[in-house]
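Colleague: The structure is given below, and queries will be raised subsequently.
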């Protein structure tokens, strides 16, 4: 059916065509055009999924075009199970996000939709690119529209948040660029200076598997990749941009941020960091597991005390994404599969949660939990849907969140029961913050604040239900039939695991490791002492430090 | 002594240093301009000295020296024109008072 | 009036010192007259150069510069490049110095001489200049220049042949440079009808 | 697969359908919203009973791979196909499940019917029935599943339904908090259970075949294959037990159950007395091969069980809220069951589970009827003398009380006695001793309840007294129907002593474990040790009842004993510490508040502070330092040419100097 | 001087004649801009055509003093483009301030002549003269708004420091000349090669010359700590001229570096490499750090241009570190930087069409609403300057970093410093975007009408900025051919 059509390019660039169309067409067509193109991309991506035979290792639908032949840089796209799943996730959430923006976004709709469509191009591109250089380009393309979406249509503190988001991400990704280039050069140097395949993921992976990159390069490049991806995921302690960005972003921005953008980092770990540098991956796996565990527990604990609804969900994202990195770096079949499931489920569930937060925010223009209460009576459907997704997020079995989490834990348990035990404790904490949130919002008598909002407090509108229904349906379907995804990504998992299995830890002198840890601890202690000195504490959470935003006020 | 290249070169160096001192220390734009002329002439002295003591450079040296003189003249022309232009704006030839733009 | 006298006396003292050096070298040390002349010219040049950068009255600085360049021209002659010496006299003393003096007149304000001559950073500048001179001198003395021990006299005809063969393009370029400088200079110095007077 | 087996999915499917339909359209059905759920449960009860009886009587075929177990099995689909980690969804009815099935479907049906009356005026009528059906679905899934992980799913789903039902009256802050507490405390246990499941998987390489678990063989097989990394069985068993502790509210996870009484009374009856809280018992019984393989873990089970029993009984003695008394009583009885499991008397535990399910369901529904009658008053101090106004409720509750107190020949007597007797005979004298004391306490607090509620004079407002009337028949009929098994069940299942039907039913399930534990099937000696034990426990129950009568009065068969509040005060003053401890539930709520709310909150806020100031502070600090550096460097640009020139000269000299130094080297 | 020589320097002659033609036209139609512009464009078109024609074959003229090779052609085309764009952007700014266009064009074309001369010179003296011919018009242009105090202040600072550095440069040149005994670049290289081969340590005089020349060149390219003139001169100059100054003399200075350091002083590469590394690191870092705190966009871009010098120097360092890709990167970066920076300044100039509009950040507030197209273009240029793909700036940055990574060793760290700087730089570039799109305008200034020339120039700059990023292959071929012309390192 799809024959010789360059279907991957079609998916990738349909939104771009859409963006151009939106720019050209008159304003009153903006919304339908944007939605139409997003839906078109979605439909095509579904065709891709139908045509894709699940479970096979390797890449299909590969499209290649010599882009910068001097350095062997290609325009090369291809799908395997993981990218297929994530592409469909992206296209799905994109149209949902666009649809959900119809009502809340009333200013500069054209620019908004253009940004969103370009954002979609970048995200799809990241998932499809099989050339490291191309990957990097898509990776960076994602930044700009998100920057604008948060910065223009965001909340009060949006500029601080968006600049922080971009700068933080940029630091990581630029170092990754250095690593990509160094890797390519190492490949070329090992092939007598020939640049053919130097940026080609498949060639690099094969090289990594057969002879492998030099330990020093592996360490350096892996660290750079790690930083880029860890910031994006985000892993503790690189997560602090996330609550700010989420809190300030418009609803749809938060949705995409949580559902897709965070997956970019996890995908990067899967696709590039581990297969290309297996030895380094093994070397750092213990540290990454520790960081993941910290993220899981710490994110959940901090979520417990968040006064702002969105911030709470944001910290829960930190906790949930910890599972993804945990599952990946234990290098077991179940861990990997769980991590992938967790990626997709987190996309669906947290996306939906942000949509739901947006529902109440749009009506009340406030997200302070302390002001809420008793919504159940006024908005029963909303309460039911919110409860559904809250419990899904909390890992209620039968819904999709559970399977990913549990598989990850099983995989971890295989490798390291103690780590699994620590991670499992998040079940309690997750129940804690989700139920706290749910109770605060929906139970009790209608709060004074809500009462003052009055008639604006209407129950879910059809358009909102329309955006939430597919997500809910998928949450149930994947909860009951996770095999749909598991079989799809089976090949990817095998590939990744095989690459990982070939790695062995690089010997790091104990002195170096101890020194590094000591340095970090010393840094933390120094920072704490510094903050404890009078006048250095940041009392207001997330308020823009004048130095960052104010620039040069002299 | 007058037969030593080093002597001329050192002399040129000293003149160059004097010129740079003037440039660094004087306030008046025209004084600074004159200091630059000193420096350029110091260079010229070095060039001519090279020409005088290194046979294969002889002919070139004179030509280069001539060119340098011409360049210095051109620079002086432009420089003085700029000095006059800014004097019309600022009413002072003292360079350290031209600090409207800083940091 | 007393000021003029003091400077006059100072000038005479310098001249006396210079002549004294010459006499001492010629008579007592028995050196070549060329050496003596070199010393004299060098002393005059450096002395005048120092005056250029230290004197308070900028017009006198200009005059000192003429003296300095005159001495330099003498050195050129001494070193065997009379053509350059001549050019030096014509271009510098005849043109540039006059130009500078005109500029001084044009930009002279009454209170200017009364105010500080030097920047606040004159001290560091002096130190830096001395360091620079020492560095250059050290470098020069430490270098083997591959130079002849005797001066080579260049015939003017050789010079002209070089100028119009190997160096014809630079020659043309210099003319363009001068043209550009003139056009620009005229534009900049030209008084605008609406501009500040 | 037989026709019968193909009906099994309907047991799960009907309540689920009932839930979904009612949730979707219930609001529009309004007061007739109960029809679909009730009919669904009625069908389930019918099918379930048929199947259960089939299994128990041995008419069902032998289960595959089993020599002596009759039952039905059905496989539905593969849920998680993750390489070696495969989770199948399938249902099995073996005798153990059948026992549970009877309890769950019967009480479930009766509670459904009862709720038609009890909830009739509630605006959330349809919601209530939807939730009830959701619970039935989850509970049936729990008992029917053949896979550990599906049991865990059901485990969580009953938790969810429990949460929804406890918080049913969500406008009440206390209800909302209680619901949250129940869920979170349960989650603590679930962490253990989840880890236990992982350990089981790692030890056996599979998660299905829950009813044919043969842990030692599986481990040996895996070891032989060389791909096992077994987790110590002791740890595995305890992790599974942790799950059971949460759901069955065993110390120290017992704190949620009394609070759960914030839910409507039918919920308390169904979930928090008769079915869900028994899931822990079921789980441990189900995992009996695992526990039998690690006998030391059973000691811990017994210890925690019997400690919970006495702890809860001691609290029940002083509580004034009628439902809370029953809740602590439930805790106490669950403690018995765990004690039974711990000593290896699995059958006795299940027996008690069944009888307790009926009479505790009866007691709760009865208390609901009481509360209904006194217009939603739950404080027993404002009741009294109700026997005259609501005789049916009174009569049935009296039966229930006698049953739980262990007065022969009611159901409780048989099952409780079996527990105590087995503990004694299996050498767990300490379990028996404590259980013995608890038996007395049980009798005491139950008759304290009866006395305060039904006998003596009404202590509430007059206008309420005037309007008290018996509940409608839709409520009383279930009470009566529950009273019947409360009376007869013990005799039916427990006689003859030591070899009643319950023994033979469950024999195939527990046989191997009992053999592994070295329990020789001892004969029953009515005129020996067993008889003595029976006599002792009946006596202690009688003493308990007598003391209660003495203190709180009685009105039985026309004989009236007056209540003596002054004696109560006196006794409580004399036992001041114990009294206060009991009244304040041994301060567990306060302890938890301190540990989790105060200290935990400090930690959470501390971490948040850390996040803002140290983690984010470092990020912002880097940014600020960068900008600060820029601001400092700005001043290099002074605007004065000579400063610039000086800078250039310095640069030149530094460069030239370093060149000279390097070149001269 | 043979006829062949004349043919070879035909582009140069054409450029000079263009200046003359404009002069004549201005005499005929005094004060009118259209004829002058026409003359300029025709002349520049002819020049460009001649550059391409002559550049089709390698040639030398004047006894090896003047060379036409791929490097010459590449740079010449670049210079002509820069001048054309500058002239396109200028009228909209100059005319409202009643500044004559003709003189502007003349002086600019003289500067072009100087730059082209640098690109083609293989003679030390010619290089010096070319440099002077390039920068002298620069001084004048900086002070072109001669009734404006800022413009003249910038000009005098630029001039004084420029002359100072020229003198220093000349001194160094004299030393090198005296030691090698020749002015021809290839001969210098050969002589130095023997000197270096003979005595391992650098002779003191050569070291001195190297230091002095480095200072002079570093000044022209605005490398830290010789950059001081840049912010003041850029800020003071009329905006289109700032655009030119930030591009023309800088790329010209790098052309000088290529001819002088890469070609003539190539044998000393391992001596000047550490200096280049240090200069690059300092330049990037200081430029970016100070730019972070600027409120005036022109001044900010001035510091940004300093930072970009640092990035370009990374390419040079990579070459000195043994990778010819470094030169490719340098050239590519120069070209990419030229177009994106000119574009950015063109937008500022367009905003300042109404006299009295400052270039402070506030001017940009709400631009996205007021003049969306300009705002979008500005965003593109700023993103390119930041190095966000798929723009020219990204590929340029990636290329120099790639070269540094290939060279390895300390240069890897230089690459890391470069990317960290790039990340920090994003802050101030994006700040402008913040003002354009996320702030409300300070006043209700109406949208301005912009001339067709400006739009044309912006279109060209935009196209090139995108094309360089999306399809760099063609350009890559050109730059590698150009760098091969002078590189002594095999590819």
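Residue numbers (the numbering used here), protein chains in the order written: chain A, 481 to 1034; chain B, 5 to 107; chain C, 29 to 225; chain D, 548 to 1212; chain E, 184 to 674. Glycine included, each C-beta is placed from N, C-alpha and C at the ideal position. A quick note: this is a predicted structure, and the numbers were derived from the prediction, not measured.
#1: Using a Cβ-Cβ cut-off of less than 8 angstroms, list which residues of the region 1177-1198 of chain D approach chain B; keep chain order.
#2: Quick one: Cα of residue 880 of chain A to Cα of residue 887 of chain A, how far?
#3: Hey, how far is the Cα of residue 739 of chain A from the Cα of residue 620 of chain D?
#4: Per DSSP, what kind of secondary structure is residue 558 of chain A in: helix, strand or coil?
#5: Of all Cβ atoms in chain B, is any one closer than 9 angstroms to the Cβ of residue 219 of chain C?
#6: Could you check which residue in D:708, D:665 and D:659 has the C-alpha nearest to that of residue 678 of chain D?
#7: Please name the residues in the region 185-215 of chain E whose beta-carbon is closer than 9 angstroms to at least one beta-carbon of chain B, in chain order.
#8: Return helix, strand or coil for residue 421 of chain E, following the three-state DSSP convention.
#9: What are the complete alpha helix (DSSP H) segments, minimum 4 residues, inside the region 232-306 of chain E?
#10: For residue 336 of chain E, return the contacting residues in chain B, with the cut-off set at a CB-CB distance below 7 angstroms.
#11: For residue 424 of chain E, which residues in the same chain have their Cβ closer than 7 angstroms to its Cβ, ignoring the five residues on either side in sequence?
#12: Determine the direct distance from the alpha carbon of residue 308 of chain E to that of residue 195 of chain E, and round the result to whole angstroms.
#13: Strictly under 9 angstroms for the Cβ-Cβ distance: is residue 99 of chain B near chain E by that measure?
#14: If you draw a straight line from the C-alpha of residue 147 of chain C to the C-alpha of residue 592 of chain E, how long is it?
#15: Got a sec: which bits of the region 809-825 of chain A sit with their beta carbon under 8 angstroms from any beta carbon on chain D, in order along the chain?
#16: Distance, Cα to Cα, residue 628 of chain D vs residue 957 of chain A?
#17: Might you give, ordered along the chain, the residues of its own chain that have their beta carbon closer than 6 angstroms to the beta carbon of residue 623 of chain E, omitting 5 neighbours on each side?
#18: What residues of chain C sit near residue 1207 of chain D, judged by a beta carbon separation below 9 angstroms?
#19: Which two residues bound the contiguous beta strand (DSSP E) that contains residue 1016 of chain D?
#20: What residues in its chain sit with their C-beta under 7 angstroms from that of residue 589 of chain D, if we drop five residues either side in the sequence?
#21: Three-state secondary structure (DSSP) at residue 55 of chain B?
#22: Does residue 1107 of chain D come out as helix, strand or coil in the three-state DSSP assignment?
#23: Suppose only complete runs of 4+ residues qualify. What are the alpha helix (DSSP H) ranges in the region 641-707 of chain A, listed by chain order?
#24: Within the same chain, show all residues whose beta-carbon is closer than 6 angstroms to that of residue 810 of chain D, passing over the 5 residues directly before and after it, in chain order.
#25: In the DSSP assignment, what residue or residues form a beta bridge with residue 715 of chain D?
#26: Quick check on DSSP: helix, strand or coil for residue 761 of chain D?
#27: If I measure Cβ to Cβ from residue 533 of chain E and keep anything under 7 angstroms in the same chain, skipping five residues before and after, which residues do I get?
Modeller: Taking the definition as stated:
#1: Interface annotation for the region 1177-1198 of chain D against chain B: 1181, 1182, 1184, 1185, 1186, 1187, 1188, 1189, 1192, 1193 and 1196, criterion Cβ-Cβ distance under 8 angstroms.
#2: As a working note, residue 880 of chain A is residue 400 in the first chain. As a working note, residue 887 of chain A is residue 407 in the first chain. Cα to Cα, residue 880 of chain A sits roughly 11 angstroms from residue 887 of chain A.
#3: Residue 739 of chain A sits at position 259 when you count from the first residue of the first chain. Residue 620 of chain D sits at position 73 when you count from the first residue of the fourth chain. Each residue's Cα considered, the two are about 41 angstroms apart.
#4: Within the first chain, numbered from 1, the residue matching residue 558 of chain A stands at position 78. Looking at residue 558 of chain A - three-state DSSP - the assignment turns out to be strand.
#5: Working through the third chain from its first residue, we reach residue 219 of chain C at position 191. Closer than 9 angstroms: yes.
#6: Along the fourth chain, read from residue 1 onward, the residue named residue 678 of chain D stands at position 131. Ranking the options by Cα distance to residue 678 of chain D, first place goes to D:708.
#7: Within the region 185-215 of chain E, no residue places its CB atom closer than 9 angstroms to a CB of chain B.
#8: As a first step, residue 421 of chain E must be located in the fifth chain, where it is residue number 238. Three-state DSSP puts residue 421 of chain E in coil, outside helix and strand.
#9: Entirely contained in the region 232-306 of chain E, the alpha helix (DSSP H) runs reaching 4 residues are, in chain order, 253-272, 274-277 and 284-303.
#10: On the fifth chain, position 153 is the one that residue 336 of chain E refers to. 90, 102, 104 and 105, listed in chain order.
#11: As a first step, residue 424 of chain E is located in the fifth chain; it is residue number 241 there, counting from the start. The residues are 324, 325 and 327.
#12: The residue given as residue 195 of chain E occupies position 12 in the fifth chain. The residue given as residue 308 of chain E occupies position 125 in the fifth chain. Those two C-alpha atoms are separated by around 17 angstroms.
#13: Here residue 99 of chain B is taken as the residue at index 95 of the second chain, counted from 1. Contacts with chain E at 9 angstroms (Cβ-Cβ) include residue 99 of chain B.
#14: In the third chain, residue 147 of chain C corresponds to position 119, counting from 1. In the fifth chain, residue 592 of chain E corresponds to position 409, counting from 1. Residue 592 of chain E has its alpha-carbon roughly 44 angstroms from the corresponding atom of residue 147 of chain C.
#15: Residues of the region 809-825 of chain A that bring their beta carbon within less than 8 angstroms of a beta carbon in chain D comprise 813, 814, 817 and 818, in sequence order.
#16: For the purposes of this step, residue 628 of chain D is taken as residue 81 along the fourth chain, with counting starting at 1. For the purposes of this step, residue 957 of chain A is taken as residue 477 along the first chain, with counting starting at 1. Rounded to the nearest whole angstrom, the C-alpha separation of residue 628 of chain D and residue 957 of chain A is 15 angstroms.
#17: Along the fifth chain, read from residue 1 onward, the residue named residue 623 of chain E stands at position 440. Within the same chain, Cβ atoms closer than 6 angstroms to the Cβ of residue 623 of chain E are found at 549, the five residues on either side in sequence being excluded.
#18: Numbered from its first residue, the fourth chain carries residue 1207 of chain D at position 660. Near residue 1207 of chain D (Cβ distances below 9 angstroms), the residues of chain C are 163, 166, 167 and 170.
#19: Indexing the fourth chain from 1 puts residue 1016 of chain D at position 469. For residue 1016 of chain D, there is no enclosing beta strand (DSSP E), as DSSP gives it neither H nor E.
#20: In the fourth chain, the residue the question calls residue 589 of chain D occupies position 42. Same-chain partners within the cutoff: 656.
#21: Numbered from 1 along the second chain, position 51 holds the residue referred to as residue 55 of chain B. Annotated three-state conformation of residue 55 of chain B is helix, per DSSP.
#22: As a position in the fourth chain, residue 1107 of chain D is number 560, starting the count at 1. Here DSSP, grouped into helix, strand and coil, assigns residue 1107 of chain D to strand.
#23: Within the region 641-707 of chain A, complete alpha helix (DSSP H) segments of at least 4 residues are found at 681-690, given in chain order.
#24: As a working mapping, residue 810 of chain D is identified with position 263 in the fourth chain. Only residues of its own chain outside the window of five on either side were considered, and among them 712, 713 and 715 have a CB closer than 6 angstroms to the CB of residue 810 of chain D, listed in chain order.
#25: For the purposes of this step, residue 715 of chain D is identified with residue 168 of the fourth chain, where counting begins at 1. Answer is none; residue 715 of chain D lacks a bridge partner.
#26: On the fourth chain, residue 761 of chain D is found 214 positions in, with the first residue counted as 1. Judged by DSSP in its simplified three-state form, residue 761 of chain D adopts coil rather than helix or strand.
#27: As a working note, residue 533 of chain E is residue 350 in the fifth chain. If we look at residue 533 of chain E and ignore the five residues flanking it on each side, its Cβ neighbours are 275, 557, 633 and 637.
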